[in-house]
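Colleague: Quick note: the sequence shown uses the numbering used here, first residue 2, plus one each step. All residues carry an ideal CB built from backbone N, CA and C; glycine is no exception.
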Amino acid sequence: MTNLTLVAGYGAKPRAFAELVRNLQDRLAKMLGVGFTPYSVDQVHGTVIGLEGMRDAGELVNANFLRLRSERRVMDLEAAIEILERDALPLRIRVGGFAESKHYSFTSQRRHPYERSFSLRGGLATVIGWPTSSNERMRVLDGLRRRFAEANVLHKYHATDTDVDDDFYFVLGRVDDSQTDRQSRADAETTMREHLGNREPVLLELGPEHLSVVAYEDPALPLGTSRAFSLGDAIRALDACSFGARRRRFGSEVPS
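#1: Under three-state DSSP, which class holds Gly245?
#2: Does the pairing of the segment 88-98 with the segment 151-168 give three or more beta-carbon distances under 8 Å?
#3: Between the C-alpha atoms of Arg56 and Arg147, what's the straight-line distance to the nearest angstrom?
#4: Name the residue from Asp27, Asn24, His46, Ala80 whose alpha carbon lies nearest to the alpha carbon of Asn153.
#5: On the three-state DSSP scale, how would you describe Ala80?
#6: Hey, Val22 and Val49: beta-carbon distance below 9 Å or not?
#7: Could you check whether the segment 129-136 touches the segment 27-35, counting it as contact only if at least three pairs of C-beta atoms, one from each stretch, sit closer than 8 Å?
#8: Does Met76 pass the burial test, meaning 16 or more other C-beta atoms within 10 Å, or should it be called exposed?
#9: Return the CA-CA distance between Phe244 and Leu204, expressed in angstroms with no decimal places.
#10: Only counting the same chain, and skipping five residues up and downstream in sequence, which positions put a Cβ closer than 7 Å to that of Gly174?
#11: Ignoring anything shorter than 4 residues, give me the alpha helix (DSSP H) runs that lie fully in the segment 23-71, in order along the chain.
#12: Given this structure, state the Cα-to-Cα distance separating Asp166 from Tyr105, to the nearest angstrom.
#13: Using the C-alpha atoms, what's the distance from Asp188 back to His19?
#14: Which residues bound the beta strand (DSSP E) around Ala9?
#15: Along the chain, where does the alpha helix (DSSP H) that runs through Gly144 open and close?
#16: What is the rounded straight-line gap between the Cα of Leu78 and the Cα of Asn199?
#17: On the CB-based measure, 16 or more other CB atoms within 10 Å of its CB, does Ala13 come out buried or exposed?
So this is what it looks like as structure tokens:
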């Protein structure tokens, strides 16, 4: 298995993104104490689409097409990045400012964006934002993820053609259930949603300099075992079959 993912904001990120992450992590730490372990700000990222693949006869077959649709599709990473650069950049993401009492022109997984803006699930503290121009008729990020299929890359939440995922999500850190009780987690979740819903929206503008392809061992992308490539370098590294992450520090030389 070749573990690759296309992400936004890994490492260097816009100041507004970094400040938002620190603010939310600090608030959560005050509520959950040792039960919350924040990721480093550089580690926090928004996933655009997974590029995981299986090596087969010298070709990189998309894992999601194989797993979800039983189709053998050879990924074209260069075409995928061209789609991204031609059709989608900069990505403009709104985080927060979705009031519980207000109606919006879209839902997320059939739920109000206020509810979906923050969650504590599966041991993770997750924040979700959405493209600023998204609505029920034009889902910007979902549409981009669909176009990646032209490069034989299937989004993991597009098992069928009718599935929709316009969420831009990022994980603040891990929550240890053994160090917290159910009520404290529920209270923290409510408080964080209220904070995000009542604050001024944070607008993230993510250009090509904020996008990278990451080779990873752990899907949380810890810096010590992950390797980030700029969009251009990713194509050259893949062509050279030089992706590797084990025991390499973020920013080190590409292993051969």
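Modeller: With the given structure in hand:
#1: Summary for Gly245: the model assigns pLDDT 44, below 50, so the residue's position carries little reliability, and this model does not support an answer.
#2: The segment 88-98 makes no contact with the segment 151-168, as fewer than three CB pairs between them are under 8 Å.
#3: In this structure, the straight-line span from the alpha carbon of Arg56 to that of Arg147 is close to 23 Å.
#4: Out of Asp27, Asn24, His46, Ala80, Ala80 has the C-alpha closest to the C-alpha of Asn153.
#5: Three-state result, Ala80: helix.
#6: Contact flag unset, no.
#7: No, the segment 129-136 does not touch the segment 27-35.
#8: Buried: at least 16 other Cβ atoms inside 10 Å.
#9: Low confidence applies to Phe244: its pLDDT is 47, below 50, so where it sits in the model is not reliable, and the reading given next is rough at best. Counting only the Cα atoms, Leu204 lies some 33 Å from Phe244.
#10: The beta carbon of Gly174 is closer than 7 Å to those of Gln26, Phe37, Thr38, Pro39, Tyr40, Ala126 in its chain, skipping five residues each way along the sequence.
#11: Entirely contained in the segment 23-71, the alpha helix (DSSP H) runs reaching 4 residues are, in chain order, 64-70.
#12: The straight-line gap from Cα to Cα measures roughly 16 Å.
#13: For the sequence presented, residue 19 should be read as Ala rather than His. Roughly 25 Å separates the two Cα atoms.
#14: Boundaries of the beta strand (DSSP E) harbouring Ala9: 5-9, taken from the DSSP string.
#15: Looking at the DSSP string, the run of the alpha helix (DSSP H) that includes Gly144 is 141-148.
#16: Leu78 and Asn199 have their alpha carbons spaced roughly 40 Å apart.
#17: Ala13 should be labelled exposed.
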